[in-house]
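Written out below as structure tokens is the structure these notes cover.
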Ligand SMILES: [Ca+2]
Ligand SMILES: [Ca+2]
Ligand SMILES: [Ca+2]
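Residue numbers (this note's numbering): 77 to 308.
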């Protein structure tokens, strides 16, 4: 079989969700609770701003921490985005895009007698990733660096294992359900500015890749194939 045809068929199988897991979406809605690091921008949260978005992951990501059976680490994420709608005509809404490549999920199913209980943490970008994997306009004169979504159940009841959850925990059971976008100065030591939100609704459900993802994947595979041909 022609190699490109074979690669294309593999790509179709890979994205069909049949052969290589299902794409799972985490969709969340909340509101901006406060903004740290900048007094002036804190005024922008009146009226209450809507903080919403989506992250995606493949259901068959492998736990990168197989040693600890109460801690799961999964990467990379698939593309996603987050929006802050200020609800004010004078302040443009904020949109950040996640490439997914620098995103990861931590799932903790820890006995609350030992540590903090159950946690679901999505991190995209961040200081240790040099703010890569997330793109959006500057805010408060600082560069967008990190997105985090964190759910905590101190009673340790929402997860039974450190596996990726395929449905959302009940918000009523959580002591904390927060979102944040962090902005940093180019030099390391200026206090970051963070837009911090409270989640009011979260759903986790199977989905299909966006057409854009399909197109990008095909282009990537085509490039890979051409590179290999050139190398041969
Ligand atoms: Ca583990
Ligand atoms: Ca638990
Ligand atoms: Ca609880």
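Using N, Cα and C, we set each Cβ at its ideal position, and we do this for glycine too.
Coarse secondary structure for residue 92, derived from DSSP in three states: Caution is warranted here: a pLDDT of 47 is assigned to residue 92, below 50, making its placement in the model unreliable, and the coordinate value is therefore given only provisionally. Residue 92: helix per DSSP, three-state reduction.
Quick check: the Cα distance between residue 142 and residue 223, rounded to an integer number of angstroms? Using only the alpha carbons, I get a separation of about 25 Å.
For residue 195 and residue 184, which I take to be in contact (beta-carbon distance under 8 Å), what is that distance rounded to the nearest angstrom? About 4 Å separates the CB atoms of residue 195 and residue 184; that is less than 8 Å, so the two are in contact.
Closer than 7 Å to a non-hydrogen atom of ligand 2 - does that hold for the CB of residue 227? The beta carbon of residue 227 sits no closer than 7 Å to any heavy atom of ligand 2.
If you run the structure through DSSP and keep just helix, strand and coil, what is residue 247? Residue 247: helix per DSSP, three-state reduction.
Does DSSP put residue 281 in a helix, a strand or coil? It is a strand residue.
Please report how far the alpha carbon of residue 213 lies from the alpha carbon of residue 189, in whole angstroms. Cα-Cα distance, rounded: 43 Å.
Give the DSSP bridge partners of residue 226, in chain order. Its beta-bridge partners are 197 and 254.
Beta-carbon distances below 6 Å to any heavy atom of ligand 1 define the shell here; list its residues in chain order, please. Going along the chain, the residues that qualify are 139, 141, 142, 144, 145, 147, 148 and 238.
Our contact map puts residue 215 next to residue 267 with C-beta atoms below 8 Å; I'd like the distance itself, whole angstroms only. That pair is no contact at about 14 Å.
Tell me which same chain residues have a C-beta within less than 6 Å of the C-beta of residue 157, skipping the five on either side of it? So the list reads 129 and 173, once near-sequence residues are dropped.
Count Cβ pairs between the region 249 to 256 and the region 204 to 213 that sit closer than 8 Å; are there 3 or more? Inter-segment contact for the region 249 to 256 and the region 204 to 213 is absent: fewer than three beta-carbon pairs are separated by less than 8 Å.
Measuring only between beta-carbons, confirm whether residue 179 sits less than 8 Å from chain C. Among the protein chains of the structure shown there is no chain C, as only one such chain exists.
Is it the case that the CB of residue 232 approaches a heavy atom of ligand 2 more closely than 7 Å? Taken from the Cβ of residue 232, at least one heavy atom of ligand 2 lies inside 7 Å.
How is residue 205 classed by DSSP in three states: helix, strand or coil? The three-state secondary structure of residue 205, taken from DSSP, is helix.
Measuring alpha carbon to alpha carbon, tell me which of 181, 230 and 218 ends up nearest residue 262. Nearest of 181, 230 and 218 to residue 262, Cα basis: 218.
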